[in-house]
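Protein chains in written order, with this note's numbering: chain A, 1 to 339; chain B, 1001 to 1115; chain C, 2001 to 2609.
We put the CB at the ideal spot given by N, CA and C, even for glycine.
Source: prediction; values computed, not measured.
Below: one structure, written as structure tokens.
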Amino acid sequence: MGKHVVVIGAGPAGLETSASLAKIGFSVTLVEKEETTGGHLNRWHALFPALLSGHEALETITNGLNENIIIQTGIKVTGIEAVNDYFTVSGHNGWLVKADAVVLTTGFQLFDAHRKEEYGYGIYENVITSADLEEMFSSGKELVNRHGNTPQRVGFVHCVGSRDEKVNNLHCSKICCITAVKQAIEVKKRLPGTEVFCFYMDLRMFGRHYEELYKEAQEKYNIQFIRGRLSESTEDHEGNVVVKVEDTLLGKPLRIKTGLLVLMVGMEPASSSKSLADMLGLMKVSDGFIQPVDEVMHSNYTEIPGVFVAGTSSGPKSVSDTLTDARSAALAVADYLNK
Amino acid sequence: MNKKAIIFGYTFTRDRQIDFDANNHDICKIVAAAEPSLNLCISCGSCAATCSAGLFTDFSLRQVILLLRRGETKDLDKEISKCMLCGKCQLVCPRNVNTRNLILQISKALTSARP
Amino acid sequence: MTFDLFVLPFFLGLLFLLVVLVVKYSRWIAMMDVSDRVKAGMALFSVGLLKTVKEIFMESLLHRRMFRRNPLLGYMHMSFALGWFLLIVMGNLESRVYSGGHINPPYYPIFLKFFIHDKRVLPFEIFTLPGFFRFIMDLLLLYVLSGLVLALFKRTRSKWFGLKRTTQHNSFDKWSITSLWLIFPMRLLAESFTAGIYHGGGFLTNTMGSILAALLPEQILVYPAWWAYSTMLGVFFVTLPWSRFMHIPTEIVLIYLRNAGIEQGKYPGSFSEIELRSCPRCGVCIDVCQMNQAGLTGSTAVYFIRSLREQRTDTQLNSNCMMCGRCLEACPVGIDTLGLRVGARSVDNQLVASDFSYLRKKTADSKTAEVVYFAGCMGHLTPGVKQAMLRIFKKAQIDYTFLDEDGSICCGRPLKLAGLQESASKLVAENTVKLVNTKAKILVTSCPICYKVFNSDYQLESMQVMHHSVYIDKLVTEGKLVLRPAKVKAVYHDPCELGRGSGIYEQPRNVLKQIAELSDVTEERVNSLCCGGSIGDLSMNTTQRNVIRDGTLGVLCESQPDILVTACPLCKKTFDSGNMIKVKDIAEIVAENMSFPKFQEKTTTLVDP
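Okay, structure coming up:
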């Protein structure tokens, strides 16, 4: 076919889009600013709802790549220009590639929990994020708090950095609720004697098998769910994190000690998504994610012909939704290039 | 309350049920007009969790807003009188409800509504 | 002759004005508290009277504060005030030269050139008395006219005067201003026409007279010109009590009462009525008010004061003020804009009465210690500050008790700022008991808002109240805390309540300079910008606050610092949400950069937090 596609960002979306495009027969340059591919999926131990191994998923995706794909890591894209009916994509050090179509798969970044100072991340030792916990699962080591002790009680705080005007992220990050339920179960599996509490505003169990997992969390693992958003946490003399919520269903303030507090940090648009959108002059939307033409019929198209988007760069998604979206993007690109 | 039922065989008490149509919603309308961010509240409870007065009483702004919305305004002035206007609730609200102005507007509306 | 019909508009206008002023001022004085009236009376016989006269001269005539704001603006205001004052004084002296000791009716000096046509040609004119007066009167008229020309320019070129925005006057003021502006051109015309006929004027009027005589029928126009002059004066006087120019007499009364030790007191009251009418609507407060950035220009002090004076109760105007104090700082008259705002709110917010009796339930005994630490409400939402202070206390081996460790009662200032003084007093009473029970010598607080009210409203016997930045400075000076430098570029933000509100600017900088490389900020100390987080504002929404916050951050970050240091948890929280630069409280940066003191004083207890 002779047509060349540049895919920017080698996370699950970028990898799968490239694989699909290569299978169709296009040549692809997959460029990634980090030194390794795989994006955030490298850090996830087990994927909801069925606890599929993150590493295995990544391996499967990577196995789908073939020789039509050139992978360039360690290169940050610094410019994209539309020239007649093709594009030139440039990076630092004079890296330059010509593309007949471009796919933006720059993904997301996790909310920096330090910004919610009142929750104590970086101030109280036993406050960690969901990403930190996932790494602790991956390490295979015993689950202990920062003092090396087994926590008698673990708390999960939903909606950290999401649905929060105070940090300018009004959107819901979609997958944190199910992640919290998953991680709660994983904690209970490793520490059956530990109490686990989830502090939520809503429980967004939107996907298939999610509600069932929630039920399993309650029934099999005795995980307790308290509807109340944390206002602040403090530390007691033993290093326990003391949580202040209102038990809204009872209508009373509640004070509870936890040995380890896990903050479910949300998804924010990646800084690269924002800078690429600026470079291309794409329409800006208040939540900062890249806006496709519409979310129903043209969810992979941007308003610039030849520029496509897939994965979490256009909004929070689960890994399975990301992969589906990536394949859909490949079809859209093929449709565009074959005209 | 059940004591009365036992003694007399019937009860003077109201139903526990919120009779939405019978309730007076004027105060809510006045407050919503004066402070539109009232409509943004999702009853997450952050305000009540951080509340200074909440340490000593069962005052809960989340509860007050819900009662206001349902038209259950009978004891609202007693609740509102507990607020110290410290502003912690406004600092934690994820929907940017202007909670302090809301309290002032509810207080004003209740005062004007008194016969 | 010493009378003509044309003097009537002036004369009757002046009489009318004097009667109105006497009635109004007497009413206000009668309304004052007995104690205030006594103070006002005593001030007449005190040495302080000289100070008052000096201030009246410096501000009402010379407009010294205006000059400091912008020299051209100061000159313009001064020329009207001082020029007109001297015209009256010199005119009176001049008329005595001609009337030889007879008592003249008040309009006589004003219209002297109509009644006296001194056609003498005097050698070395300026060294003769009449010649001197001819010269000086014309010079003073030119002086006032130069100010008028500037005032006309200011309408379109306000930037020359250091003002981006000027006051949008209402119709009544516009008429009054017009009459004022026409007075002196009319005087010039009248005196010039007369000089054109009789040649009895000075350098200006004679010249103008000759020119006009060549162009116009001066014999016909001279008498109408005097009528016009008199009428403009009359209109000005008659409109004065209800226009912005009421500030001319009222400012003098304000300065007198202020120096007599009278304060704003309860609102509404005489002092505040006098303050409202002392506002000249000069508009200097408009540019400094950050509400402009949020599109809330109408809330600026000048419009707020105007609304109060016109008795148009506008709760939006009253509640939309960050109480940052920048307008108070800029006001050339020194009107207590913040006090007026709180006063207006106290009238608006007649609410369900507060009931804090529940506070008496919790009678947990305060521990006793040398130092009592009060983090304040906001402190709990910025635990970094709290933790830092505890580490500092521990490092300096201070015997302290953390009064609101488990959460606290509010200090009461938010209620005060909302105009709810009665409710605030109840909280003050409860907290006072708890504080006094600690028997501490020093009260250290992290929050400038609490700090301000502890000083103003709390009776804490011999307990010394300190803001934590001042306390840290003290610890460093006493050698109990040793700081080590860190390679970091910082800027310091003066919180409104700590800086303008409490006059503390240097101690935080003293401490910070020992750790970081401190850069200056274009608007700092008394001119520091508000972060936008203010609890003084009751109705601004978050979008508007964010605009103000971002504007302030822009100015603070001009020198591209690594960190922004502040001394107020509310400022910290607000700036943090801007996500533009790393923000630390002074306590945090100190706690991160402490080394062991050269000597360790032996203290009795090492208290673990």
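Is the separation between the beta-carbon of residue i and that of residue j shorter than 8 Å?
i                    : j                   : result
histidine 2493/C     : leucine 2538/C      : no
glycine 2269/C       : methionine 2031/C   : yes
phenylalanine 308/A  : alanine 50/A        : no
glycine 107/A        : glycine 9/A         : yes
cysteine 1047/B      : valine 1092/B       : yes
alanine 2396/C       : glycine 2412/C      : no
leucine 250/A        : valine 157/A        : no
serine 18/A          : valine 31/A         : no
phenylalanine 1020/B : arginine 1070/B     : yes
isoleucine 2548/C    : glutamine 2290/C    : yes
alanine 46/A         : phenylalanine 111/A : no
lysine 2573/C        : leucine 2390/C      : no
alanine 2567/C       : serine 2469/C       : yes
methionine 2466/C    : lysine 2441/C       : no
Could you pull the start and end residues of the beta strand (DSSP E) that residue i belongs to?
i                : result
leucine 2518/C   : 2517 to 2519
glycine 288/A    : Taken as a continuous stretch (DSSP letters only), glycine 288/A belongs to no beta strand (DSSP E), as it is neither H nor E.
aspartate 2585/C : 2582 to 2585
leucine 2443/C   : 2442 to 2445
valine 2565/C    : 2563 to 2566
Could you pull the DSSP bridge partners for residue i from this structure?
i               : result
proline 269/A   : Phe108/A
aspartate 164/A : Asn169/A
histidine 4/A   : Ser27/A
arginine 153/A  : Glu195/A
tyrosine 124/A  : Tyr121/A
glutamate 81/A  : Thr88/A
valine 102/A    : Val6/A and Val307/A
leucine 1978/C  : Past the edges of chain C, shown from 2001 to 2609, lies residue 1978/C, and the structure says nothing about it.
valine 97/A     : Val89/A
tyrosine 2143/C : DSSP output for tyrosine 2143/C lists no bridge partner at all.
Can you tell me where the alpha helix (DSSP H) holding residue i begins and where it ends?
i                 : result
methionine 2042/C : 2034 to 2043
glycine 2048/C    : 2048 to 2055
alanine 1022/B    : Unbroken run through alanine 1022/B: none, as it is neither H nor E.
glutamate 2613/C  : Residue coverage of chain C in this structure runs from 2001 to 2609, which leaves residue 2613/C outside it and unanswerable.
cysteine 1117/B   : Since the displayed chain B opens at 1001 and closes at 1115, residue 1117/B lies outside it and no answer follows.
aspartate 321/A   : 319 to 337
leucine 2005/C    : Segment: none, leucine 2005/C is in no alpha helix (DSSP H) and carries neither H nor E.
cysteine 2571/C   : 2569 to 2577
Using the beta-carbon count (16 or more within 10 Å), is residue i buried or exposed?
i                 : result
glutamate 2191/C  : buried
isoleucine 2274/C : buried
asparagine 126/A  : buried
histidine 147/A   : exposed
lysine 1074/B     : exposed
threonine 2438/C  : buried
isoleucine 2472/C : buried
cysteine 2282/C   : buried
glycine 1009/B    : Its pLDDT being 49, under 50, glycine 1009/B is placed unreliably by the model, and nothing is read from it.
aspartate 2576/C  : buried
histidine 2077/C  : buried
glycine 2554/C    : exposed
glutamine 2350/C  : exposed
valine 2144/C     : buried
asparagine 2259/C : buried
glycine 2536/C    : buried
What are the complete alpha helix (DSSP H) segments, minimum 4 residues, inside the stretch 2339 to 2401 of chain C?
2377 to 2381 and 2383 to 2395
Length-filtered (4 minimum) alpha helix (DSSP H) runs lying within the stretch 2453 to 2540 of chain C
2468 to 2477 and 2506 to 2513
What are the start and end residues of each continuous alpha helix (DSSP H) run of 4 or more residues lying completely inside the stretch 192 to 277 of chain A, in chain order?
210 to 219
4 or more residues per run - each alpha helix (DSSP H) lying fully within the stretch 2245 to 2333 of chain C:
If we require 4 residues or more, the alpha helix (DSSP H) runs fully inside the stretch 2245 to 2333 of chain C come out as 2247 to 2259, 2270 to 2278, 2284 to 2288, 2301 to 2309, 2315 to 2319 and 2326 to 2330.
Any alpha helix (DSSP H) of 4 or more consecutive residues that is wholly inside the stretch 52 to 79 of chain A:
Entirely contained in the stretch 52 to 79 of chain A, the alpha helix (DSSP H) runs reaching 4 residues are, in chain order, 54 to 63.
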